[in-house]
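Written out below as structure tokens is the structure these notes cover.
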Amino acid sequence: MPATRVTVALNAKQSQKAPLLVPASASPDPSSAASIQSLVFKAAQSKLRLKKPSRIYVGGTGEELITEADWKSTIRRDVTLLVSAGEEYVGVKKESVTPGEANPECAVHVLAEKAHVDELSVTQLATAAHTLPGIIHAVGQPDLHPGNKFPIGAVFVSRKWVHPPLIGGDIGCGMAWYKTTLSRNQVDGDKGKRIAEKLRGLEGPWRTQADREAWLQDAAGSCSAGEEWDQAVGTIGAGNHFAEIQVVEESCTSIDGVGPHKDDVILLVHSGSRGYGGSILKKYTTESHISFEEDSEQMKAYMEEHDKACRWAKANRDLIALRFLSCLEPGEEAWDLGRNIPNSVNLDSAISGVRAKMLQRKVVDIWHNNVERVKWPPCPPTGSTSGAAKKTSTGLIEGGESFQDYVYVHRKGAAPTYNASTNLPLDILPLPGSRGTPTLMLKPVFSAETCWGLKNALSLAHGAGRSMSRAKALSSLSRKYRDRNLLEPSGAEDGTWVVCDEKDLVFEEAPDAYKDVHAVGEDLVREGVAEVVGWCKARVSYKVRHERR
DNA sequence: ATGTGC
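The opening position of the first sequence corresponds to residue 19 in our numbering, with each subsequent residue numbered one higher.
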């Protein structure tokens with residue numbers, strides 16, 4: 019059981035102190051029966067012999083702990099809590115440890131009605147919005163669910179400040195969709211099993227470091243992170259990451275004939291920056307230093323590495339897709355580069371050839387863990403169907419209105435509604451259910467009712483969202499499905515073949531551990547931020563395979 | 001989510 023070690027001391031005589039372990043089960047809510055506050059009071063009574071403890075201050079700052087939010091933002095390792103019998107704080111009050119201005123009035127909205135939202139995640143959303151400096155708008159998408167400290171399925175818009183922990187360690191994580199040349203009848207029914215069998219050689223490092231560095235060369239230069247992290251490029255990773263072969267069941271995306279059409283077989287890749295992004299978060303932040311002021315050297319350095327990790331993650335998804343395509347379309351020589359066999363041709367020209375080919379296959383690629391500098395408030399895009407859109411001539415979300423200024427949009431498990439490099443609205447993006455359940459095809463909606471994307475902070479849900487913690491899913495679902503093989507379609511239905519050699523993941527990522535993707539989609543539609551333009555059936559879902567290398 | 005953290 020994780021516990022936090024704090025020090026309890028007498029406010030009136032601060033040399034008198036005692037350590038206290040606060041179990042993770044203790045509640046920050048002072049009105050709760052198992053509150054941290056009551057633990058501190060009890061410790062003061064029994065260990066420090068303070069008869070009537072009544073107030074608690076934070077050592078060093080003198081901030082009094084009153085609300086649940088106070089407790090939440092304070093309880094960390096080695097904090098000293100000063101217990102008072104009613105008297106004022108003894109010492110010089112300092113400014114809060116977080117410099118800059120928090121915005122206790124910050125607007126917080128959760129775009130969910132149908133999808134169930136855990137109260138803890140709403141508390142996490144509001145606490146972060148109200149206590150971190152510079153936040154001007156916080157949005158919980160319908161897939162909102164609790165994270166370790168900050169929620170997932172959340173968007174935080176800030177002025178002048180960047181908060182790396184709000185986007186987490188998997189910087190650049192996102193999803194990309196690729197068309198394949200497979201036909202529905204090659205993957206439907208029991209054929210899914212044969213397709214799953216073909217998916218091999220996808221684990222472990224791809225080729226040599228020299229090859230990986232060549233792959234990590236993009237239009238902006240190199241995004242190589244050094245051999246220790248680059249080794250993981252082209253690998254899916256753990257947790258909720260996956261690659262899935264899907265059949266388009268319905269599609270009404272007739273935009274320039276692009277978007278996937280009915281009966282197309284497409285590949286969805288969900289992965290991020292593996293260990294690299296986490297190393298960046300760790301390098302720049304500590305438990306008490308999580309906020310960076312705009313234009314500070316640290317902020318600039320973080321942003322530079324953040325942007326590099328985003329490019330790395332994107333290159334990772336492309337390489338994963340290449341490796342999958344080499345299994346799925348063995349006749350296509352260009353994909354041979356995806357295999358771990360020695361180069362038979364010039365590497366650089368092979369890579370540029372493959373890139374061009376893959377670009378034709380790519381439907382969309384988005385980051386859902388990142389921070390972006392954008393103009394705010396949003397402007398109507400010209401692609402919009404409303405007449406109001408005619409006013410802008412730029413065609414961009416950002417526009418060039420004089421009343422706009424720049425903000426930072428932090429996304430943690432939230433997809434953007436526009437293409438980050440062109441600022442044009444996206445035509446289509448995936449809303450995957452959990453393993454094997456349908457993936458909805460979303461089209462972002464921009465309208466006056468949503469203030470052109472302000473309401474949803476220019477973002478949409480990135481998936482179904484957990485409804486059960488990993489621990490809960492593991493214990494309850496492993497019992498529930500004790501006698502069932504979750505890796506094969508159940509019964510006669512056209513279900514999904516799952517490749518997952520990690521036993522715990524089978525349960526942690528089971529559909530039951532997630533919200534219903536249709537409820538999430540319905541919420542987005544009701545809120546007026548997206549329309550559902552089709553859906554895909556998962557045929558083969560690849561998580562991880564333990565194979566002899 | 002992670003070449004994780006005691």
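Ideal Cβ positions, reconstructed from N, Cα and C, are used throughout, including at glycine.
Give every residue of the same chain whose Cβ lies closer than 6 Å to the Cβ of Thr149, excluding the five residues on either side of it in the sequence, and list them in chain order.
-> Numbered from its first residue, the first sequence carries residue 149 at position 131. Ser91 and Ala120.
Trp195 to Thr457, Cα distance in whole Å?
-> Counting from one through the first sequence, the residue named residue 195 turns up at place 177. Counting from one through the first sequence, the residue named residue 457 turns up at place 439. The straight-line gap from Cα to Cα measures roughly 11 Å.
Output the distance between the C-alpha atoms of Thr403 and Leu377, rounded to the nearest integer angstrom.
-> Here the question's residue 403 lines up with position 385 in the first sequence. Here the question's residue 377 lines up with position 359 in the first sequence. The pLDDT assigned to Thr403 is 49, lower than 50, so where the model puts this residue is not dependable; a value taken from the coordinates is nonetheless given after this. Their backbone Cα atoms lie some 28 Å apart in a straight line.
So, Ala531 versus Ser485, is the Cβ gap smaller than 8 Å?
-> Translated into the one-based positions of the first sequence, residue 531 becomes position 513. Translated into the one-based positions of the first sequence, residue 485 becomes position 467. In contact: Ala531 and Ser485 (Cβ atoms closer than 8 Å).
Beta strand (DSSP E) segments (min. 3 residues) lying fully within the stretch 27–81 | 35–41 and 73–76
Indicate whether the contact test is met: 3 or more Cβ pairs, each with one atom in the stretch 492–501 and one in the stretch 538–556, closer than 8 Å.
-> no
What's the gap between the Cα of Leu285 and the Cα of Ala228?
-> Translated into positions along the first sequence, residue 285 becomes position 267. Translated into positions along the first sequence, residue 228 becomes position 210. Their backbone Cα atoms lie some 27 Å apart in a straight line.
Helix, strand or coil: which one does DSSP assign to Trp224?
-> Reading the first sequence from its first residue, position 206 is the one you call residue 224. DSSP places Trp224 in coil when its eight states are reduced to three.
DSSP on Cys518, reduced to helix/strand/coil?
-> Taking the first residue of the first sequence as 1, we reach residue 518 at position 500. Strand at Cys518.
Do Glu15 and Lys461 have their CB atoms nearer than 8 Å?
-> A question about residue 15 goes unanswered here, because the residues of the chain that appear run from 19 up to 567.
Please state if the CB of Ser309 and the CB of Pro571 are separated by a distance shorter than 8 Å.
-> Residue numbering for the chain in the displayed model covers 19 to 567; residue 571 lies beyond these limits and cannot be assessed.
Where Lys301 falls: helix, strand or coil (DSSP) | The residue given as residue 301 occupies position 283 in the first sequence. Note: Lys301 maps to helix in three-state DSSP.
C-alpha distance - Val381 paired with Asp248, whole-angstrom precision | Translated into positions along the first sequence, residue 381 becomes position 363. Translated into positions along the first sequence, residue 248 becomes position 230. The straight-line gap from Cα to Cα measures roughly 25 Å.
From His127 to Pro169, what distance separates their C-alpha atoms?
-> Taking the first sequence and counting its residues from 1, one reaches residue 127 at position 109. Taking the first sequence and counting its residues from 1, one reaches residue 169 at position 151. If you take the alpha carbons of His127 and Pro169, they lie about 13 Å apart.
To which residues does DSSP link Leu478 through a beta bridge?
-> On the first sequence, residue 478 is found 460 positions in, with the first residue counted as 1. For Leu478, which the question treats as bridged, DSSP gives the partners Ala433.
Helix or strand or just coil, what does DSSP make of Phe260?
-> By 1-based counting over the first sequence, the position of residue 260 is 242. Here Phe260 sits in strand by DSSP.
Nearest to Ser269 by alpha carbon, out of Glu262, Lys280 and His259?
-> As a first step, residue 269 is located in the first sequence; it is residue number 251 there, counting from the start. Of the candidates Glu262, Lys280 and His259, the one whose C-alpha sits nearest the C-alpha of Ser269 is Lys280.
Simplified DSSP state of Ser240, which is helix, strand or coil | For the purposes of this step, residue 240 is identified with residue 222 of the first sequence, where counting begins at 1. Strand, per DSSP.
What are the boundary residues of the beta strand (DSSP E) that Trp195 is part of?
-> Counted from its first residue, the first sequence places residue 195 at position 177. Start and end: Gly192 to Ser201.
Specify, as a first and last residue, the run of the alpha helix (DSSP H) that Lys490 falls within.
-> Along the first sequence, one-based indexing puts residue 490 at 472. Its alpha helix (DSSP H) spans residues Arg488 to Lys498.
Segment contact flag, the stretch 297–309 with the stretch 256–271, C-beta cutoff 8 Å, min 3 pairs | no
Exposure of Arg591, with buried meaning 16 or more beta-carbon neighbours within 10 Å | No information on residue 591 is available, as it lies outside the stretch 19 to 567 that the chain covers here.
Leaving out five residues before and five after Asp423 in sequence, what residues of the same chain have Cβ atoms less than 8 Å from its Cβ?
-> Taking the first sequence and counting its residues from 1, one reaches residue 423 at position 405. Only Arg177, Lys393 and Trp394 meet the Cβ criterion.
In the DSSP assignment, what are the bridge partners of Asp571?
-> In the structure as shown, the chain begins at 19 and stops at 567. Residue 571 is therefore absent and cannot be evaluated.
Just checking, does the stretch 559–567 make contact with the stretch 489–497 on the three C-beta pairs under 8 Å criterion?
-> no
Residue(s) in a DSSP beta bridge with Gly158 = On the first sequence, residue 158 is found 140 positions in, with the first residue counted as 1. Answer is Val128 and Ala172.
Roughly how many whole angstroms lie between the Cα atoms of Val551 and Pro278?
-> Working through the first sequence from its first residue, we reach residue 551 at position 533. Working through the first sequence from its first residue, we reach residue 278 at position 260. Distance between the alpha carbons of Val551 and Pro278: 11 Å.
For Asn364, count neighbouring C-beta atoms within 10 Å of its own C-beta (all shown protein chains included) and say buried if the count is 16 or more, exposed if not.
-> The residue given as residue 364 occupies position 346 in the first sequence. It is exposed - the Cβ of Asn364 has fewer than 16 other Cβ atoms within 10 Å.
Spatially closest choice to Asp282 from Arg23, Val463, Asp206 and His480, by CA coordinates | In the first sequence, residue 282 corresponds to position 264, counting from 1. For Asp282, the nearest C-alpha among the options comes from Asp206.
Reduced DSSP secondary structure (H/G/I, E/B, other) of Thr149 = For this step, residue 149 is matched to residue 131 along the first sequence. If DSSP states are grouped into helix, strand and coil, Thr149 belongs with the helices.
Lys35 to Pro41, Cα distance in whole Å?
-> Counting from 1 along the first sequence, the entry for residue 35 is found at position 17. Counting from 1 along the first sequence, the entry for residue 41 is found at position 23. Each residue's alpha carbon lies about 19 Å from the other.
Cys397 - DSSP class collapsed to helix/strand/coil | On the first sequence, residue 397 is found 379 positions in, with the first residue counted as 1. Residue state, collapsed to three classes: coil.
Going by other Cβ atoms of all chains shown within 10 Å of its Cβ, with 16 needed for buried, is Lys409 buried or exposed?
-> Counting from one through the first sequence, the residue named residue 409 turns up at place 391. Confidence in Lys409 is poor, its pLDDT being 44 and thus under 50, which makes the residue's placement unreliable; the coordinate value appears in the next sentence. Result: exposed.
Verify whether the separation of the beta carbon atoms of Val101 and Val76 is less than 8 Å.
-> On the first sequence, position 83 is the one that residue 101 refers to. On the first sequence, position 58 is the one that residue 76 refers to. Not in contact: Val101 and Val76 (Cβ atoms no closer than 8 Å).
Which residue's Cα is closest to the Cα of Ala21: Gly451, Ser33, Asp47 and Ile54?
-> The sequence position of residue 21 within the first sequence is 3, counting from 1. With distances taken between Cα atoms, Ala21 lies closest to Ile54.
Go through its chain and collect everything with a Cβ distance to Ser411's Cβ below 6 Å, but skip five positions before and after it.
-> One-based indexing of the first sequence puts residue 411 at position 393. Low per-residue confidence applies at Ser411: pLDDT is 49, beneath 50, and the placement is therefore not dependable enough to give any value.
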